[in-house]
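Here the structure comes first, spelled out in structure tokens, and everything after it is commentary.
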Amino acid sequence: RTLTLKNPTPYYITLVWLGQNLKQKLAGFKEGTMVAPFSSQTLNTVLPAGTDRILVGNVDDYGAMRMNRFTCTAGECTFRERIHD
Numbered sequence: 010r011t012l013t014l015k016n017p018t019p020y021y022i023t024l025v026w027l028g029q030n031l032k033q034k035l036a037g038f039k040e041g042t043m044v045a046p047f048s049s050q051t052l053n054t055v056l057p058a059g060t061d062r063i064l065v066g067n068v069d070d071y072g073a074m075r076m077n078r079f080t081c082t083a084g085e086c087t088f089r090e091r092i093h094d
């Protein structure tokens, strides 16, 4: 099963983390995946059955990783909140 990431912003998004938690990345995820502005990118990443949330880490303009929580329904994941340190 694949996972499609949608980028509705006018900025490139560089992904450095994709996982159900902070300890283990999803199988098949490749660090450094970029999603172009106003586009989508399909990944050969396994989203385990019953997954209702994932963590997505991206690189910000200053080179720091920012972690975000997404909730998932029927294989589609939607941004919910930025996780603060």
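Counted the way this note's numbering counts, the sequence shown spans residues 10 to 94. The beta carbon of each residue, even a glycine, is placed where N, CA and C say it ideally should be.
* Asked: Would DSSP call Q50 helix, strand or coil?
  -> Of the three classes helix, strand and coil, the one that applies to Q50 here is strand, per DSSP.
* Asked: So what does DSSP say about F88, is it helix, strand or coil?
  -> If DSSP states are grouped into helix, strand and coil, F88 belongs with the strands.
* Using the DSSP secondary-structure output, state which residues sit across from F79 in a beta bridge. => The partner list for F79 (beta bridge, DSSP) reads I63, F88.
* Helix, strand or coil for L14 per DSSP? -> Strand.
* Asked: Between T23, I92, P19, which lies nearest to I63 when the distance is taken from Cα to Cα?
  -> Checked all of T23, I92, P19; the closest Cα to I63 is I92.
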